[in-house]
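Numbering (UniProt numbering), first residue to last: 1 to 244. Note that the Cβ used here is the ideal one computed from N, Cα and C, for glycine as well. The model shown is predicted, which means the values in this text are computed figures rather than measured ones. For reference, the structure is listed below as structure tokens.
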Ligand SMILES: [Zn+2]
């Protein structure tokens, strides 16, 4: 684990410039997949949905597909187990999966063995559902300490928090969720949302359209952290008082 302090300001400042993308020679290679988004060159944002797959995940996935937007889902293992069809669809449609524990306990109050068990059971449930294992960890409530960081290191995962919250779980109001999300949106931002909040899923078409109208590419967490050089056990973004 590196102990290097990362400057969030530098990251944000480096990403505000919208580089002009050369026009594709579309006529010559029509079948080729589009190049992956380079968030050091274009304006990116990562919407993240915690605690799912929630019961509205199907509607959310359809919205994301309609607008060609990618997201990251920090899944709870118990719901990956009970709603595997959504997990499978998330992977098939190009979204990223993260581990958000099996049953949402506060990791800072658990013994190491219990934390490992929560993480491993979720890795197993996701793998069983979709054939892949998450490579990112977001501990419940975003609460981590050195012990949690060491265990994340064992699993080879960085700890991903967020740069801004939609506060959807608190407001449960379509207009408030949209307003708050657009307020905290910033280049290479990581936004916390929940796909069990119906109003979040209802607000999503309007939120996605507004972000895209502002020039944002909606990408995965791995896309926005690509330039960070994060290692397993590192925390991003760094909370006050933390050093990686
Ligand atoms: Zn959560």
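Have a look at residue 219 and residue 70 and give me their C-alpha separation to the nearest angstrom. Here residue 219 refers to the residue found at position 219 when the chain shown is read from its first residue. Here residue 70 refers to the residue found at position 70 when the chain shown is read from its first residue. Straight-line Cα distance between these residues: approximately 5 Å.
Exposure label - residue 82; buried when at least 16 CB within 10 Å: Counted from its first residue, the chain shown places residue 82 at position 82. Burial call: exposed.
Sort 186, 146, 117, 42 by Cα distance to residue 234 and report the nearest one. For the purposes of this step, residue 234 is taken as residue 234 along the chain shown, with counting starting at 1. Checking every option, the nearest Cα to that of residue 234 belongs to 146.
Cut-off 7 Å between Cβ atoms - residues of its own chain near residue 174, not counting five sequence neighbours on either side: Position 174 of the chain shown, counting from 1, holds the residue named residue 174. Same-chain partners within the cutoff: 199, 202, 203.
Suppose contacts are defined by Cβ-Cβ distances below 8 Å. Is residue 245 in contact with residue 44 by that definition? For residue 245 there is no data in the structure shown, the boundaries of the chain being 1 and 244.
What are the uninterrupted segments assigned as beta strand (DSSP E) that are 3 or more residues long and contained completely in the segment 99 to 135, given in chain order? none
Indicate, with yes or no, if ligand 1 has a heavy atom lying under 7 Å from the CB of residue 104. Position 104 of the chain shown holds residue 104. Yes, Cβ of residue 104 sits closer than 7 Å to a heavy atom of ligand 1.
heavy atom of ligand 1 below 7 Å from residue 168 C-beta: For the purposes of this step, residue 168 is identified with residue 168 of the chain shown, where counting begins at 1. Checking every heavy atom of ligand 1 against the Cβ of residue 168, none is found closer than 7 Å.
What is the rounded straight-line gap between the Cα of residue 240 and the Cα of residue 214? Within the chain shown, the letter at position 240 stands for residue 240. Within the chain shown, the letter at position 214 stands for residue 214. Roughly 30 Å between the two C-alpha positions.
When the Cα atoms are used, what is the spatial distance from residue 169 to residue 197? Counting from 1 along the chain shown, the entry for residue 169 is found at position 169. Counting from 1 along the chain shown, the entry for residue 197 is found at position 197. Their Cα atoms are separated by approximately 6 Å.
Here's the rule I'm using: 16 or more other beta-carbon atoms within 10 Å means buried, otherwise exposed. How should residue 51 be labelled? Taking the first residue of the chain shown as position 1, residue 51 is located at position 51. Counting Cβ neighbours within 10 Å, residue 51 comes out buried, since at least 16 surround it.
Range of the contiguous alpha helix (DSSP H) that encloses residue 176: In the chain shown, the residue the question calls residue 176 occupies position 176. Here the alpha helix (DSSP H) through residue 176 covers 174 to 184.
If the criterion is Cβ atoms closer than 8 Å, does the pair residue 88 and residue 102 meet it? Translated into the one-based positions of the chain shown, residue 88 becomes position 88. Translated into the one-based positions of the chain shown, residue 102 becomes position 102. Not in contact: residue 88 and residue 102 (Cβ atoms no closer than 8 Å).
Distance between residue 149 and residue 155 (C-alpha atoms, nearest Å): For the purposes of this step, residue 155 is taken as residue 155 along the chain shown, with counting starting at 1. For the purposes of this step, residue 149 is taken as residue 149 along the chain shown, with counting starting at 1. About 10 Å.
Tell me which same chain residues have a C-beta within less than 6 Å of the C-beta of residue 80, skipping the five on either side of it? On the chain shown, residue 80 is found 80 positions in, with the first residue counted as 1. So the list reads 87, 125, 126, 129, once near-sequence residues are dropped.
May I ask you to report which of helix, strand or coil DSSP gives residue 161? What you label residue 161 is simply residue 161 of the chain shown in a count that begins at 1. Coil, per DSSP.
Is it right to say residue 229 is buried, meaning 16 or more other beta carbons lie within 10 angstroms of its own, or is it exposed? Residue numbering aside, residue 229 sits at position 229 when the chain shown is read from its first letter. Flag for residue 229 reads exposed.
Got a sec? Which residues, its chain only, sit under 7 Å from residue 47 by beta carbon, not counting five neighbours each side? Looking up residue 47 in the chain shown gives position 47. Excluding sequence positions up to five before and after residue 47, its CB lies within less than 7 Å of the CB of 71, 191, 193, 218, all in the same chain and listed in chain order.
Between 162, 166, 110, which has its C-alpha nearest residue 138's C-alpha? Taking the chain shown and counting its residues from 1, one reaches residue 138 at position 138. Looking at the Cα atoms, 162 is the closest of the given residues.
Measure the Cβ-Cβ separation of residue 227 and residue 160 and say whether it is below 8 Å. Translated into the one-based positions of the chain shown, residue 227 becomes position 227. Translated into the one-based positions of the chain shown, residue 160 becomes position 160. Contact flag unset, no.
Identified DSSP bridge partners for residue 193: The count along the chain shown starts at 1 and reaches residue 193 at position 193. Under DSSP, residue 193 takes part in a beta bridge, and its partners are 49.
On the criterion of 16 or more Cβ atoms from any shown chain inside 10 Å, does residue 223 qualify as buried, or is it exposed? Sequence index remark: in the chain shown, residue 223 carries index 223 (1-based). Classification of residue 223: buried, given that the 10 Å Cβ count is 16 or more.
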